[in-house]
Each structure stands twice: as C-alpha cells, then as structure tokens.
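Trainee: Got a structure here, written out as structure tokens. Questions coming.
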Amino acid sequence: MRPPADVLEALRAAPGAAPLLDALADVPGLWVVGGAVRDVLLDRVPRELDLVVEGDPAAVLAALPGSVVQHDRFGTATVVPAGATQAHDVVRARRETYAHPGALPEVQPASIDEDLLRRDLTVNALALRVGAGNPELRGAPGAVEDLEAGVLRVLHDASFRDDPTRLWRTARYAARLGFAVEPHTRALAAAADPTTVSGTRTGNELRHALREPDPLAVLAQARALNARLLPDALTTAPPRLADALALLPPDGRADLLTLAACVEPMPAAEVVRWLDELAFPAADRDVVAAGSREMVRTPLRRARTATEIGRAARGVPVEVVALAGGDQARRWIDDLRHRRLAISGADLLAAGVPQGPELGARLAAALDACLEDEAPDRASQLAVALGTRLSRE
C-alpha cells in the first residue's frame, strides 16, 4: 500500500487538482474520498476529486479558487478551478437515511468515518486527508483488503434497496476495473428492485454506462447483476458494432451508435417506449430507434449510384448510416455527405421558378447531379436546376 504522502502527490495529477489542493492545504477536516483515492492506489490517474469536509464547509467554499456552484439540498458544491475544465465536487461529511426504497436520501452532518459507510462499495469507501495536518489514509472495514483482492462488495445489505442506481455503478466498476462481484453482493443485486427509482435516474445511469471505455462489458455486467435492468430483447453482443464504430466519423456519437446496435433485435416502437420511460432526449431516442429499422438500412445497402446513396442516406443520422455499413455507408460518410450546392432557392426564384414543390424538385435534381460529379460548380448546378445542362468543354 502506498504511503499517504505519495497518494497525495499522485492526486495532484488529476486535471486541475494541483491548484485546488494548494488553495485548501490549510483547511481542517478536509478529505479526498472515493474513486480518486481508489484509482491512485491502483496506480491509475484519477479523473476528478471528490472532496469531503467535516463540519461547516463555509471555510472550504471561501477558499475555493475558480467558479463555484453551491447545491444546498445536500450541502454540496461544484468547483471548476481557474484555467481548468474539469469540475470537482465538495461535499459536507454526512450520513444518509432513505424514507423508502429508491428515494433521494435525507442527510445529516457526520464524521468522515460515518461518511465512508454511506458509500456504494467498500473499494470506494476510502479517504485521504489533504487539508491541515499530515496526510492520513482512512477506509471502511474491508476497503483496503477488497481493493487489493479485486473484489466489489456492498457495505450493508440494504445498499441496493436504498438506491438501486448502485446496481449500475457496480456494473461500471466491474467492467472498468476488472473486479469480481463477491457472491453475497451478487445475490443482493439479483434480489433488488430497480424500478423503485425514476426513469430519469435510470436513464442517466444508462448514459453513464454508454460513455464507459467498454460499454458492452458494462451492459453485460448489468444484466448479470439484475435481469430487470435491461429489456430482454436487447443484445449486449451486437455483431456489427465494431465495423460500425470504425465507420463512425469524429462528429458522430459512439454512445448512441452502441445503443442503436444493441437494440437492433427490438421493434422500433418498443425502443421508443423504453427510452421515453428513461427520459432520453427525443433527438437521441430517434437516432437509437432508427438504428433498429430495416427501412433505413435496406435502401442504402441496395444503392448503386451516388444519387441512390444520397437519397437513401440524406437526413439519416450518421450513426444509423454507420450501423448500416458497407461501401455505400463509407462513401456517404467520407465524401458525399459533405457536398453542398453552390445555389439556393433564391437563385431559382430570381430566375423565374415559382415557389412550391417545383422549386424543391429542381434543387434536388441539381444536388443529384452534384453527387454524380456532373455539376461541380455554381454555373453547372444552376443549369441543371433550370433544366438546361451546360455543354462540357
């Protein structure tokens, strides 16, 4: 186990952490808790710091550099150090009680040792003192031992009942860290009721899962923990995902593509209903649902000319085109989707074309010619749109 002073120095490698820790070096009762400490002890670079202060957090908030947003309900604040983009949380040490399964917790001030006992898993119930005084490492019972053994274990039997979103977090850590869920925790997870939390909170957890380095592993872990977390027809091993991700351009969203591939076996209406229950944004929902529709894929795979590819892919999310796959999808993504007309409806109106469907049809004809490399410039496109092609030199 690394000495506390070494852990503190390693925590400074988190984005924006060094100036934050320097500014708070004299604050009493200040600890870094949870994932950052865990990651340093695993020789990983922490992504952000979760700071816990024993007692009144006013001194901490006053000393915080950068932009600070307070969240009064749980006695927390979020700080983005000056010149940094990574946010760090500051929380008052607390204990939590739950009025009913899945409820948001009621909180009361507590010591750091009590605070650690409210954590989701023992490997996250670790704290390092970073304020006034020498660095000191604390952990809930079994925390260090489970970390060294690569084991995920809840701190008490009511953990998943109190907050079923911990099922998702356990799945994420199992996939990300390669840790094993110990048998008793696995039994508690299987018996939990994930429907006691709102669809919005569940949707947030699903989005977190999709942004993990290996989202399919997270989804597989989630299903193994509790069969009710995912629809039965959803696959956690979509056969065409790797090829689709290879096609996806930088402006595409891998998270939506991954989910679209997973829900391909599901009817589109069922996908829409499920994602609506999870309060997915409508635009994201429609991308995912479109990925399961053969009516999108078939015309693109049958297309032979640039015009046919354009007509099949135009207006279709790039994630769905990538999932359709094939040379047609690659040609659209790499080349054809970037082509733009050098003329507009205003040009045709000025030339005497009446407002209405005819205007759109003429512009479409010009775009088809552009895709086929028959009208590469403004003059040739205008000639096509007005019904007379320019003679080629």
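Sequential numbering of the sequence shown, starting at 13, is according to our numbering. Yeah, the Cβ is synthetic: ideal placement off N, Cα and C, and Gly gets one too. The structure displayed is predicted, hence computed values, not measured ones.
Give every residue of the same chain whose Cβ lies closer than 6 Å to the Cβ of glutamate 217, excluding the five residues on either side of it in the sequence, and list them in chain order.
Mentor: Cβ neighbours of glutamate 217 beyond the five flanking positions: Thr177 and Trp180.
Trainee: Hey, how far is the Cα of leucine 242 from the Cα of valine 91?
Mentor: So the two alpha carbons sit approximately 34 Å from each other.
Trainee: Quick check on the burial criterion: 16 or more other C-beta atoms within 10 angstroms. Buried or exposed for aspartate 347?
Mentor: Classification of aspartate 347: exposed, given that the 10 Å Cβ count is below 16.
Trainee: By the 10 Å Cβ neighbour count, where 16 or more other Cβ atoms means buried, how is methionine 307 classified, buried or exposed?
Mentor: Methionine 307 comes out exposed.
Trainee: Name, in chain order, the residues that DSSP records as bridge partners for valine 45.
Mentor: Answer is Asp62 and Ala139, bridged to valine 45.
Trainee: Check whether the Cβ atoms of arginine 352 and leucine 383 sit closer than 8 Å, and answer yes or no.
Mentor: It is not a contact, given that the beta carbons lie outside the stated cut-off.
Trainee: Pairs of beta-carbons, one from the region 29-38 and one from the region 143-152, closer than 8 Å: are there three or more?
Mentor: These segments touch.
Trainee: On the DSSP letters alone, give me the boundaries of the alpha helix (DSSP H) that glutamine 367 sits inside.
Mentor: Element bounds for glutamine 367: n/a, residue is neither H nor E.
Trainee: Is valine 275 near leucine 312, with beta carbons less than 8 Å apart?
Mentor: No, they are not a contact pair.
Trainee: Need the endpoints of the beta strand (DSSP E) that valine 119 sits in, please.
Mentor: Counting along the chain, the beta strand (DSSP E) containing valine 119 begins and ends at 118-121.
Trainee: List the endpoints of the continuous alpha helix (DSSP H) containing leucine 218.
Mentor: Element bounds for leucine 218: 211-222.
Trainee: Using three-state DSSP, classify threonine 109 as helix, strand or coil.
Mentor: Three-state DSSP puts threonine 109 in a strand.
Trainee: Given alanine 221, which residues of its chain have a CB within under 8 Å of its CB, disregarding the five upstream and five downstream residues?
Mentor: Excluding positions up to five away in sequence, the list reads Trp180, Ala183, Arg184, Pro227, Val230, Leu231 and Ala234.
Trainee: With a threshold of 8 Å, are at least 3 pairs of Cβ atoms found where one atom belongs to the region 361-379 and the other to the region 328-339?
Mentor: No, the region 361-379 is not in contact with the region 328-339.
Trainee: Any idea if threonine 319 is buried or exposed, counting beta-carbon neighbours within 10 angstroms, 16 or more meaning buried?
Mentor: It counts as buried.
Trainee: Give the list of continuous alpha helix (DSSP H) stretches no shorter than 4 residues that lie fully inside the region 262-307.
Mentor: The region 262-307 contains these whole alpha helix (DSSP H) runs: 266-274, 280-289 and 294-302.
Trainee: Could you tell me which residues DSSP pairs with arginine 150 in its beta bridges?
Mentor: Per DSSP, Ala139.
Trainee: Exposed or buried, what is aspartate 389 when buried is set at 16 or more other beta-carbons lying within 10 Å of its beta-carbon?
Mentor: Aspartate 389 is exposed by the Cβ-count criterion.
Trainee: May I ask you to list the residues that DSSP assigns as paired with leucine 159?
Mentor: Partner(s): none; leucine 159 has no beta bridge.
Trainee: Give me the DSSP bridge partner(s) of alanine 25.
Mentor: DSSP, once it has assigned bridges, lists no residue as partnering alanine 25.
Trainee: Label histidine 196 either buried or exposed according to how many other C-beta atoms from any shown protein chain fall within 10 Å of its C-beta, with 16 as the threshold for buried.
Mentor: When all chains shown are included, histidine 196 counts as exposed.
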